[in-house]
Amino acid sequence: MKRALRAFALGLTLVSGISTPLPPSGITGAHAFAAPSYRVLPDERAARARRQAQQRARQAQRSAAPRAGARPRPAARSRPRPSSATAAAPAGAASAAAASAASPAVVPLPPVVAVPPAPARPGARLGPGQLPPPTELEAFVDGLVRDAMGAEHIAGVAVAVVGGNQILLNKGYGFADYRPRPRPVNPDRTLFRLGSVSKTFTWIALMQQVEAGRIRLDAPVNAYLPEPAQVPDRRRWRAVQVRDLLTHTPGFEDRALGHLFERRPDQVRPLLTYLAEERPQRVRAPGDLPTYSNYGAALAGAAAAQAAGLPFADLVERRVTGPLGMTRTSFREPYPARAGLPAPLPPTLAADISEGFHWTGSGFQPRPTELITQVAPAGAASATSGDMARFMIALLNDGAAADGLRIYGPGTARAFRTVLQRSAPGVNGWAHGFMEYDLPGGFTGYGHGGATLSFFTSLVTVPELGLGVFVTTNTDTGRPLVERLPALLVDRFYAPPPAAPLPGSDALETRADAFAGTYLTTRRAYGGLEGFASRITGAADVRISEDGRLLTPERGGARAWTPEAPNGSVTGRFRSDDGAENLVFQMENGRAVRWYAPWGGAAYDRQSWWGSPVSLGILANLTLLASMLALIGAVLRLRRNGRPSSAQARSGAVETAAALFWILAFAGFIGFAVSAAVDEADVLYDWPGPWLRIGSWAALLAALFSVTLLALLLPAWRSESRGGWTLGRRLRHTVTALLFAATAALLASWGALQPWTA
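Shown next, in the form of structure tokens:
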């Protein structure tokens, strides 16, 4: 049973993303931002013509300028290397053409000066503003990527690195498809699914509406949503505000199974329909605790679209990707055109989307296209690494592209580098939707991670260095590479040599009970069968090593943390032994009651023994054993001539029925765990599947028989008859009844007895 529970947990480890009470930022509404630094032009062709005219004027100016005393052009104004890809029509051109007259562009402003060169930190190779040598950068990335592709079985990778307002590296590795013949990854043509990196476009679109005065951060989000998508108010809590969506603090539970991704186009729903039909519970007060929410990001996208008066995909194309020249980036997906849905991805782009792969242990298995249109603002974007390089240049240049076109103003630029809220001091926070990253050398990055079932992506910009790193993979084994590559690159070129690791703490060893135990994530479903699954997959066991280090689980292994305080004293703050991150515990009466995930998107609450998966494993094993013994005993008693009383006969029959259903229930749970361990995609798409349905219904019936058995226990003890039960038989019957009841109570509290919630 222990192995089955492990398989159950492995099979349910799902991705989504798609990834500390400080004083909130002073930016609370439109009034806090500078006036919009751009204005709308009639259409994109006018903008293009204006750009070309300005480029010609600049060239003429340079050629006419006297050579004597001429000032060299600053390096910050150098343009990125041109893309090798053939220019394609903007994503969604089919639908945008009809409204091209209203398609906005952006007035050019002077390019933002890149980070000025600064001295390197002691022991570091380079300082801020100094660019890595291109050949060395490429060789370093080549080694990292190729080693990972071989060791971790990744089919295809794309990497882009920008710095000093130019593209330093844009390269593809491996293949995007192999049917009917291998199609190599082309960094300027191959589109990868971005997962939750899509949210960075959503936050920009939302903040553009804030700049325009159409949205206020401290206003209820319901003020900007159509009625079907509005969040029902709760009397004991304030309304969900727009700022709560940017900090992932709307207070929603997190649900994904069976609806976040679709593989059949006929199951894709419009965004507003999805928001109305898949509304999660509100489980905590808004603004209380950052807990990552795809649903909250989808609400933000819907609010921005409503305020702009445009469908969401059109809004991003006209106000973000179009002005930046990102012609191979789109929130549209390859499905047949259907009324009520956004226009599908144009064929010119659909032909170049990378396949997603599942590593089976012996080869790469292609997966169906992951359709995310129903929750598009949270994760539906696809892009090439070349386009994402342009995007990073704009992020580093305060919203300005390499040629000076600006999509947002200085106020928004500051917001994307200003933490609006964090879980606890020292834990990474949310900079108006952008994730904060601790990087080697004490540098801070801003960006986002992304994950679908098959694609993993990371985008990290480091304003202090003027550096941006984008990496994406098309295989479900790609997470470790995308998580470590940006930090390794910063470490290689900009960080001093690492200091010796801190020694373990004797004080931590003596106070192990203050921290060790089982903790449960706040990023989970809070009821029903998905809540039951979440209690298993979302549990984390914290241990103390023999050398005085704290250990947390991480991808089948453990991550070590050392107390941060001097002299080995234990304060609840820890530093990673292999990175720059912090781990913070909330202490009450000298005992840890919660720890905050270093990435800032969840917390883990300490659980009693009753709330631990270990308790389920123990009860499950004992219940299965008792059920088998009960059935064996029932068969053996058929051959005897004993005559129990009517009360004892009824109780014995109920015990037999309960035993049968408990065996069937756990057979269903184990069958589900085995099938889920083969490919987690089956869990997300086919939730809950036949095995889990059988297990839940059988467990519900077993629980009903177990409750009845408890009610019959006293009459069975009191009943006396010739040839009735012996004392030993009564004791065994009592232990079985109590064990069955305990198992039923635990499963009921975890949501496992609610098959209708499927």
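First residue of the sequence shown: 52, per our numbering; consecutive thereafter. Heads up, the beta-carbon is just placed ideally off N, CA and C, and yes, glycines get one too. In this text, all values refer to a predicted model and were calculated from it rather than measured experimentally.
Where do the ends of the alpha helix (DSSP H) carrying residue 801 lie?
Here the question's residue 801 lines up with position 750 in the sequence shown. Here the alpha helix (DSSP H) through residue 801 covers 778-801.
Please report the Cβ distance between residue 432 and residue 444, rounded to the nearest whole angstrom; I am assuming they are in contact, meaning their Cβ atoms lie under 8 Å.
Start at 1 with the first residue of the sequence shown, and residue 432 comes out as number 381. Start at 1 with the first residue of the sequence shown, and residue 444 comes out as number 393. The Cβ separation is near 18 Å, so there is no contact.
Mind checking residue 13: buried by the 16 CB within 10 Å criterion, or exposed?
Outside the modelled stretch of the chain, which goes from 52 to 809, sits residue 13, for which no answer is possible.
Rounded to a whole number of angstroms, what is the C-alpha to C-alpha distance between residue 668 and residue 717?
For this step, residue 668 is matched to residue 617 along the sequence shown. For this step, residue 717 is matched to residue 666 along the sequence shown. Approximately 11 Å, taken between the alpha carbons.
Using a 10 Å radius around the Cβ and a threshold of 16 neighbouring Cβ atoms, would you call residue 683 buried or exposed?
Taking the sequence shown and counting its residues from 1, the one referred to as residue 683 is at position 632. Classification for residue 683: exposed.
For residue 427, which residues of its own chain have a beta-carbon under 8 Å away from its beta-carbon, when the five flanking residues on both sides are left out?
Counted from its first residue, the sequence shown places residue 427 at position 376. Only 249, 322, 349, 352, 363, 364, 382 and 393 meet the Cβ criterion.
With residue 627 as the anchor, note down where its beta strand (DSSP E) starts and where it stops.
For the purposes of this step, residue 627 is identified with residue 576 of the sequence shown, where counting begins at 1. 624-627 is the extent of the beta strand (DSSP E) around residue 627.
Using three-state DSSP, classify residue 660 as helix, strand or coil.
The sequence position of residue 660 within the sequence shown is 609, counting from 1. Correct three-state label for residue 660: helix.
Helix, strand or coil, according to DSSP, for residue 140 in the structure here?
The residue given as residue 140 occupies position 89 in the sequence shown. Bear in mind that a pLDDT of 35 at residue 140, under 50, signals an unreliable position, so the number given afterwards is only what the model happens to contain. DSSP places residue 140 in coil when its eight states are reduced to three.
As a quick exercise: from 740, 709, 263 and 384, pick the residue whose alpha carbon is nearest that of residue 789.
Indexing the sequence shown from 1 puts residue 789 at position 738. Considering only alpha carbons, the answer is 709.
For the segment 174-192 against the segment 526-535, are there 3 or more C-beta pairs whose distance is under 8 Å?
At 8 Å Cβ cutoff, the stretches do not touch.
Could you give the distance in angstroms between the alpha-carbon of residue 628 and the alpha-carbon of residue 553?
Within the sequence shown, numbered from 1, the residue matching residue 628 stands at position 577. Within the sequence shown, numbered from 1, the residue matching residue 553 stands at position 502. Roughly 8 Å separates the two Cα atoms.
Have a look at 498, 474 and 494 and flag the residue whose alpha-carbon is nearest the alpha-carbon of residue 299.
Translated into the one-based positions of the sequence shown, residue 299 becomes position 248. The residue with the shortest Cα to Cα distance from residue 299 is 474.
Using a 10 Å radius around the Cβ and a threshold of 16 neighbouring Cβ atoms, would you call residue 267 buried or exposed?
Start at 1 with the first residue of the sequence shown, and residue 267 comes out as number 216. The residue in question, residue 267, is buried, as its Cβ has 16 or more Cβ neighbours within 10 Å.
Using C-beta distances below 6 Å, list every residue in its chain close to residue 310, excluding the 5 sequence neighbours before and after it, in chain order.
If you number the sequence shown from 1, residue 310 lands on position 259. The residues are 329.
Let's test the definition: count the other Cβ atoms within 10 Å of the Cβ of residue 640 and tell me whether it reaches 16, buried, or not, exposed.
Walking along the sequence shown from the start, residue 640 turns up at place 589. Per the 10 Å Cβ criterion, exposed.
Assess contact between the segment 668-679 and the segment 778-792, defined as three or more Cβ pairs (one per stretch) separated by less than 8 Å. Is contact present?
Flag = yes, the segment 668-679 and the segment 778-792 touch.
Report yes or no: do the segment 459-478 and the segment 392-408 share at least 3 C-beta pairs separated by less than 8 Å?
Touching, no.
Span of the alpha helix (DSSP H) holding residue 713?
Here residue 713 refers to the residue found at position 662 of the sequence shown. Residues 697-729.
Put residue 426 into one of helix, strand or coil per three-state DSSP.
Here residue 426 is taken as the residue at index 375 of the sequence shown, counted from 1. Looking at residue 426 - three-state DSSP - the assignment turns out to be helix.
Specify whether the segment 485-505 and the segment 535-546 touch according to this definition: at least 3 beta carbon pairs, one from each stretch, less than 8 Å apart.
Touching, per the Cβ criterion.
Between the segment 576-595 and the segment 207-219, are three or more C-beta pairs nearer than 8 Å?
These segments do not touch.
Which residue comes first and which comes last in the beta strand (DSSP E) that contains residue 614?
Start at 1 with the first residue of the sequence shown, and residue 614 comes out as number 563. Segment 608-614, the beta strand (DSSP E) holding residue 614.
Can you tell me where the alpha helix (DSSP H) holding residue 26 begins and where it ends?
With the chain covering only 52 through 809, there is no way to say anything about residue 26.
For my contact list, residue 505 and residue 526 are in at a C-beta cut-off of 8 Å; report their separation, rounded to the angstrom.
Here residue 505 corresponds to residue number 454 of the sequence shown, with the count starting at 1. Here residue 526 corresponds to residue number 475 of the sequence shown, with the count starting at 1. Confirmed, Cβ separation roughly 7 Å.
For residue 469, which of helix, strand or coil comes out of DSSP?
Counting from 1 along the sequence shown, the entry for residue 469 is found at position 418. Of the three classes helix, strand and coil, the one that applies to residue 469 here is coil, per DSSP.
Let me know if residue 187 comes out buried or exposed under the rule of 16 or more other beta-carbons within 10 Å of its beta-carbon.
Taking the sequence shown and counting its residues from 1, the one referred to as residue 187 is at position 136. When all chains shown are included, residue 187 counts as exposed.
In the DSSP assignment, what residue or residues form a beta bridge with residue 646?
Your numbering for residue 646 matches position 595 in the sequence shown. Answer is 636 and 655.
From residue 317 to residue 170, what does the alpha carbon distance come to, in whole angstroms?
Here residue 317 is taken as the residue at index 266 of the sequence shown, counted from 1. Here residue 170 is taken as the residue at index 119 of the sequence shown, counted from 1. Straight-line Cα distance between these residues: approximately 58 Å.
At what residues does the alpha helix (DSSP H) containing residue 537 begin and finish?
Within the sequence shown, residue 537 is the residue found at index 486, counting from 1. Taken as a continuous stretch (DSSP letters only), the alpha helix (DSSP H) holding residue 537 covers 530-545.
Roughly how many whole angstroms lie between the Cα atoms of residue 336 and residue 275?
For this step, residue 336 is matched to residue 285 along the sequence shown. For this step, residue 275 is matched to residue 224 along the sequence shown. Each residue's alpha carbon lies about 20 Å from the other.
Compute the Euclidean distance between the alpha carbons of residue 757 and residue 800, then round it to the nearest angstrom.
Locating residue 757 in the sequence shown gives position 706, where the first residue counts as 1. Locating residue 800 in the sequence shown gives position 749, where the first residue counts as 1. Cα to Cα, the separation comes out at about 15 Å.
Buried or exposed for residue 438, please, with buried defined as at least 16 other CB atoms from any protein chain shown within 10 angstroms of its CB.
Within the sequence shown, numbered from 1, the residue matching residue 438 stands at position 387. With 16 or more Cβ atoms within 10 Å of its Cβ, residue 438 is classed as buried.
CB-CB under 6 Å to residue 331, same chain, minus the five flanking residues each way: which ones, in chain order?
Against the sequence shown, residue 331 aligns to sequence position 280. So the qualifying residues of the chain are 303, 304, 306 and 346.
Could you give the residue range of the beta strand (DSSP E) that holds residue 766?
By one-based count along the sequence shown, residue 766 stands at place 715. Note, residue 766: premise wrong, no beta strand (DSSP E); alpha helix (DSSP H) at 740-769.
So, residue 8 versus residue 358, is the Cβ gap smaller than 7 Å?
Lying outside 52 to 809, the shown extent of the chain, residue 8 is not represented and no answer is given.
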